[in-house]
Structures are given as C-alpha cells and as structure tokens.
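Position 87 of the sequence shown, counting from 1, maps to 314 under the working numbering, and the rest follow consecutively.
Think of the CB as a built atom: it goes at the ideal place given N, C-alpha and C, for glycine as much as any other residue.
Remember, predicted model here, so these are calculated numbers, not experimental data.
Worksheet for the structure shown next.
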Amino acid sequence: MRPPATAQQPTPDRPAQLIPQWIVVVIAGGLLVAYMAANNYAGAEVVVLAIILGIGALIVLVIRALVRLGDKRPAPIVINTVSTQAPPGWYLDPQGATRWFDGRAWTEQVRPPNSPE
C-alpha cells in the first residue's frame, strides 16, 4: 500500500517542476474563455468544444496514470520502533519448568511447574 500523496521531492532522475500543473490548467482555461468571448462563441459551438476538451483531459489523465504505474522509485524506508523482544517475566522452557527471562537473556532462575509466583 502506498503512503498518501505528498509533494514530490526533486531527485537526479526526477527534476523539480518549474510550474505546477494546476497553474498551467487554470491559465489554459482562462485563455480559452477569453478567446471564446472575443470571437462570440455560443450555443452548440461551446458544447462541441467542451466535449473535445473533456476527451483531451481524459487522454492526459490516462497517460499520467500509466506513467505513474511504470515509475520504479524505491520503496519507502519504514523504521520499526516496536520491540520484538519479549518483556521480562516467567516463561515455560522445553522441560516443562518455568524460567525467568530478564528482558535481555535467560537466567538460571527456574521454578517447578504449578508453583505460585
């Protein structure tokens, strides 16, 4: 499972983007609206243009998704802070006796089965 999306840091194989993509989309949309207003577009022409732009946007999204699938960045480093060692206490040994584990190593303290603590 991938971690949540965050801003990508520049690396030697992935240079920093000069302009974020959303700014490019906003500028292109603004230029298109200005062009349509200047040339008196209306009605069916606007609908056809919107459909063409929608199809183009879908193509761009599919290409970006395919590029990300092929991205071979190394897996993120996960640091395990949970101790895998058992806490100090009495534990059964193979002979059926209970032996004390001090949290680091087994001790020589042994008590017979069914004895109170």
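Closer than 7 Å: ALA284 CB and nearest the ligand MN heavy atom: Here there are no bound small molecules, and the ligand MN is not part of this structure.
Meets three-Cβ-pair contact criterion under 8 Å: the segment 292-302 and the segment 311-330: no
Helix, strand or coil at GLN336 according to DSSP, with G and I counted as helix: strand
LEU288 versus TRP249, PHE328, ASP320, ASP329, residue with shortest Cα-Cα distance: Nearest C-alpha to LEU288: TRP249.
Same chain only: Cβ atoms within 7 Å of TRP333, ignoring 5 sequence neighbours per side: ARG326
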